[in-house]
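Protein chains: 2
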Amino acid sequence: MKIDEAQALDAFGALSQPTRLQMVRVLVVAGPDGLAAGAVGEAVGASSSSASFHLSNLERAGLVQSRREARCIIYTANFGGLSGLVEFLMRDCCQGHPDVCAPAALTAAACCAPERGQP
Amino acid sequence: MKIDEAQALDAFGALSQPTRLQMVRVLVVAGPDGLAAGAVGEAVGASSSSASFHLSNLERAGLVQSRREARCIIYTANFGGLSGLVEFLMRDCCQGHPDVCAPAALTAAACCAPERGQP
DNA sequence: TCAACATCTCAAGAATGATTGAAATGAAGA
DNA sequence: TCTTCATTTCAATCATTCTTGAGATGTTGA
């Protein structure tokens, strides 16, 4: 997913707060099933009000999504937004500079295709 | 270059400010020769005081480096710090999730090895 | 040593972001 | 419908960040 500069600025701002960075981690681990707002707040030690504030911020930044399910609001990581941010950092911010992209390529390859890690 | 969570939080905070994001772009384009503080400030339309403030912030976050050269302070992009941030985002934050790493791997490959872009 | 230059530091004020607790909304079951 | 539960919204407060302009620091060449 391609994101523009304004979205990237929002996303960087969202990830610069410890509680929110932890929330993203928790939601990435939870996967597509996601977690209810209350569960996310509990997982990171935030009050319900604080959790709602931070989750709204993350959603506005395009890093998480929400859906209602019965009485709960289920939050899930927005993998498109996250990968868009990684791509923005490499392409728009770092201009595809090899010194940035080459190490990143190795890490990405190690992550999603371990058998190709060391060709 | 591997960075820890505190450094990543600092780096995300640094990049969440339009003037600083633009400064990083300018310094990436400038390459290893870098640019004097005044030239960076001028390139992004910041006063000398404001430029100094933002460049210090970027340096503390590990995204740029500085050296004195005659009467100028030359700033350069810290490619190790930038690639470390990309790697942090993929590995520590997104847990190496394929939905994030796979698109990132394509982008990285397209950046630094264009002849392998579409196999 | 002195003047000119590049940059940084400092203090004050404005703007933005985070935390808290209370109250409002919206959905589900008795 | 009424109560309960999950979440959000609101207002107040505090902390952080950004901008500005004045002054300080350090470097160079006359």
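One line per chain: the protein sequences are H and S, in this order. In short: position in the first sequence from 1, add 30, done, that's our numbering. In short: position in the second sequence from 1, add 30, done, that's our numbering. Beta carbons: idealized from backbone N, C-alpha and C, even for Gly. Please read these numbers as outputs of a predicted model, since none were measured by experiment.
The beta carbon of S/Arg101 lies closer than 8 Å to none in the same chain, with the five residues before and after it left out. DSSP, reduced to helix, strand and coil, places H/Cys124 outside both helices and strands of the structure shown, so it counts as coil. Around S/Glu117, the beta-carbon contacts reaching into chain H at under 7 Å are Pro133, Ala134, Thr137. Within chain S, the C-beta atoms nearer than 7 Å to that of H/Ser46 come from Leu39, Phe42, Gly43, Ser46, in chain order.
Close to S/Gln125, with beta-carbon spacing below 8 Å, are these residues of chain H in chain order: Arg55, Val58, Val59.
In the structure shown, the three-state DSSP call for H/Leu93 is coil. Contact with chain H is found for S/Gly110, since one of that chain's Cβ atoms lies less than 9 Å from the residue's Cβ.
The beta-carbon of H/Glu35 is placed less than 9 Å from the nearest beta-carbon of chain S.
The C-alpha of H/Ala132 is placed about 17 Å away from the C-alpha of S/Val130. Taken atom to atom, the span from the alpha-carbon of H/Ala138 to that of H/Phe42 is near 20 Å. In the three-state reduction of the DSSP assignment, S/Arg50 falls in the helix class.
Per DSSP, H/Ala107 is one residue of the beta strand (DSSP E) stretching across 102-107.
Note on geometry: alpha-carbon atoms of H/Thr106 and H/Leu65 lie some 7 Å from one another. With the rule of 3 Cβ pairs closer than 8 Å, the segment 67-83 of chain H does not count as touching the segment 76-86 of chain S.
Separation of the CB atoms of H/Leu93 and H/Gly75 is rounded to 20 Å, and the pair is thereby denied contact status at 8 Å. The beta-carbon of S/Asp63 is placed no less than 9 Å from the nearest beta-carbon of chain H. DSSP places S/Ala76 outside both helix and strand once states are collapsed to three, so it counts as coil. What S/Arg121 touches in chain H, judged by beta-carbon distance under 7 Å, is Thr137, Cys141, going in chain order.
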